[in-house]
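Per this note's numbering, the sequence shown runs over residues 437 to 963.
We put the CB at the ideal spot given by N, CA and C, even for glycine.
Please read all numbers here as calculations on a predicted model, not as lab measurements.
Structure record follows, encoded as structure tokens.
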Amino acid sequence: MVEFQQSPDANAVNVHFSRADTTILEKDSSQISQETQVTKELEKDALPVTDRIFFIDLANKQQTTIPLQIFELEDLEELHLEKNLIESIPGDIHHLKKVKVLYLNENYIHDICEELGELKYLQSLDLSSNPLSYSSLHIISKLQALRQLRLYDANLDKFPVEICKCLHHVELLGLSGNNLRYLPKEVVNLRKLKEIYLQKNRFESFPLELCHLLNLEIIDLEQNLVSFVPEEIVSLANLVKLFLAFNNLLSVPDTLHHCRRLTVLDLSNNLLRRLPPNFKQLTEMSELGLSGNNLEKFPRQICHWKSLCLIYLKNTGLQVLPSSFTRLTCIKILDLSENFFDEFPKEICAMENLEILSLDDNQICENLKELYLENNCLEYLPPSIGLLSNLEIVDCHNNLLKELPDSICQVQGLQRLLVQNNQLFQLPENLDNLQKLQLVLLDGNPMTDPPIEVCSQGNLAIREYLQEKRHQKAKATKIQAWWRGQMVRKGLGIFAEIQKLLKKGKKDKKGKEKGKEKPGKGAKGKK
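Here is the structure:
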């Protein structure tokens, strides 16, 4: 048995290609035409009589129809035909009686044939990004074994009531990228629903019907027009992830704190100014998005979330962090960019697990004088360090630095550079231009430029070495320029052809000048 991994998807599953008990049809290539693309498994010759095929992938193959020999694979369980040019589903689809997964997204299908409703074992259907007619969507309601239904970007302005009434086993419903303003009240019949994706629609309020689906774990309502979340959300005790970014929320209900399983909450780019006090009880939170809200003050409730790993606070009007922020020792990603910090928040130094820190577009560079980054695993410093014009001390000892950025030579106020015990082998050649630089410590580096013996003699020796190196480089450049000029003038080596062209050009010019007639003294009188 050979195992294949399905193409990346939020709900990727393992599928199998098994060779066991059935015959694969062999057709002459002249009869098949476009069908010759039906995967390597169908093209192989002399397969054993006991072969069976469970998985076919014909995604992105420029297919205009579903190849006919597909319908002869009675044991087929998973069929991928996404990203093709298919315009219709033939009635022969009913022959695939055992198919469980069918991907037809990103095609040109307009109508769904009645025979599709005969696929009694179908569990996952994707018809996203097709120009589907609303009148044919009722056929999906016959697929009563369906667990996952994806209708992304299908230009829907309403969702069929029949689907809500009949599909009692659906666990994932994908409706993002449509024109929905509401869900039918019958959606409460989808009692096993765990995930619903409604991103990029036109909802103006949180669908109250969702609060009756007690098994919901993921709700995605990003990029809508939602201005209100009902208090009834308290009933969603199993809610794990809630996405409400890019809406018009002025507040979120305090009752949300009863959703104790909540781990991911994205409220970015709304109109929030504060979070409810009882949010501190959401102790399972691991990821929070609040970017693009005018908070001005850091929500202290967050400091009770000791499991928090990712927090996004870009462009929130923050100026300081509270001392209680140091409790968040599990933080790995912290985004504080585009705020009003005028100095490096010392509370960040307690972040033992911090991997990514964004502090760009603040006002720190205007005042920062000392930068301490010792005892980490840094392999490089960002080139933007050259923008820290007031920097006086850079301490990066005990890291893994392999080189220093040339931009550090722009920090004219730098006085102390401590980079001992790294992996440096050379210094930026213009480092000696830093007139205020008093101390450079390079112990424990495999230095070759300047050599270790020069480095051990101190700052003056290092400065003289760099100055002499630049002087010799300038001198060598002048000699090279002089020598190249001599070679060109004398037409030597690779410049011989250039000299010939120059001489030829001069002769041609003289010839043209001789051919010109100069008017005689009596020329004017002859007119």
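What is the DSSP secondary structure of residue i, reduced to helix, strand or coil?
i, result
"L515", "strand"
"P887", "strand"
"E551", "helix"
"V438", "Confidence in V438 is poor, its pLDDT being 29 and thus under 50, which makes the residue's placement too unreliable to answer from."
"Y557", "coil"
"F861", "coil"
"S825", "coil"
"D771", "strand"
"L793", "strand"
"V967", "Only positions 437 to 963 of the chain appear in this structure, which leaves residue 967 out of reach."
"D778", "coil"
"G527", "helix"
"S465", "Because S465 carries a pLDDT of 31, less than 50, the predicted location of this residue cannot be relied on, and the following value inherits that uncertainty. In the structure shown, S465 sits in a helix (DSSP, three-state: H, G or I)."
"L877", "strand"
"G725", "strand"
"F491", "strand"
"R852", "strand"
"V971", "Past the edges of the chain, shown from 437 to 963, lies residue 971, and the structure says nothing about it."
"Y808", "strand"
"Y570", "helix"
"G921", "helix"
Drop a sphere of 10 angstroms on the beta-carbon of residue i, count the other beta-carbons inside from all chains shown, and report buried for 16 or more, exposed for fewer.
i, result
"K382", "Only positions 437 to 963 of the chain appear in the structure, and residue 382 is not among them; the question remains open."
"I545", "buried"
"R583", "buried"
"K805", "exposed"
"L515", "buried"
"N789", "exposed"
"F679", "buried"
"N625", "buried"
"L650", "exposed"
"K742", "exposed"
"S892", "exposed"
"N614", "buried"
"I656", "Per the sequence shown, residue 656 should be read as Asp rather than Ile. D656 is buried by the Cβ-count criterion."
"S466", "Since pLDDT at S466 reaches only 30, below the 50 mark, its modelled position is unreliable, and the value read off the structure follows with that caveat. Result: exposed."
"I888", "exposed"
"F776", "exposed"
Under the criterion of a Cβ to heavy atom distance below 7 Å, does residue i qualify as lining the ligand FAD?
i, result
"D702", "Among the components of this structure there are no ligands whatsoever, and the ligand FAD is therefore not found."
Keeping to the same chain, check which residues put their C-beta closer than 6 Å to that of residue i; ignore five residues upstream and five downstream.
i, result
"C832", "L809, V855"
"E774", "K750, N751, D797"
"I738", "none"
"D842", "P864"
"V676", "E653, R697, T699"
"P712", "D690"
"N706", "N683, L685, N729"
"L870", "L850"
"S569", "H546, D547"
"N858", "N835, L837, N881"
"H530", "E551, E554"
"K480", "The predicted position of K480 is uncertain, since its pLDDT is 41 and thus under 50; no value can be drawn from it."
"N566", "N543, I545"
"C745", "S722, C766, K768"
"P735", "L711"
Take residue i and list the residues in its own chain whose beta-carbon comes closer than 7 Å to its own, dropping the five residues that flank it on each side.
i, result
"V876", "L853, N895, I898"
"C813", "N835, L836"
"D868", "R899, L902, Q903"
"E667", "P689, T691"
Between the Cα of residue i and those of the options, spot the shortest distance and give me the residue it belongs to.
i, options, result
"I387", "C549, L863, D511", "The structure shown does not extend to residue 387, since the chain is modelled only from 437 to 963, so the question has no answer here."
"V662", "K594, L634, H516, K497", "L634"
"I821", "F682, L850, L585, N811", "L850"
"Q848", "G613, K556, N826", "N826"
"M883", "V890, F861, D868", "F861"
"Y816", "E839, K533, Q580, I655", "E839"
"C845", "N857, V623, P819, S687", "P819"
"K872", "I576, I829, L552, L795", "I829"
"E598", "Q580, S760, V665", "Q580"
"L561", "R586, F777, C600", "R586"
"N866", "E640, E607, E779, K909", "K909"
"K536", "F491, L757, L619, P643", "F491"
"L532", "L754, L558, Q799", "L558"
Go through its chain and collect everything with a Cβ distance to residue i's Cβ below 8 Å, but skip five positions before and after it.
i, result
"E791", "K768, I769"
"I575", "I548, C549, E550, L552, G553"
"N520", "L494, A495, N496, K497, Q498, Q499, T500, E542, N543"
Just to confirm the assignment: which complete beta strand (DSSP E) runs, minimum length 3, are found wholly within the stretch 580-666?
For the stretch 580-666, whole beta strand (DSSP E) runs of length 3 or above, ordered along the chain, are 584-586, 608-610, 631-633, 654-656.
Mind listing, in chain order, the continuous beta strand (DSSP E) runs of no fewer than 3 residues lying wholly within the stretch 700-748?
700-702, 723-725, 746-748
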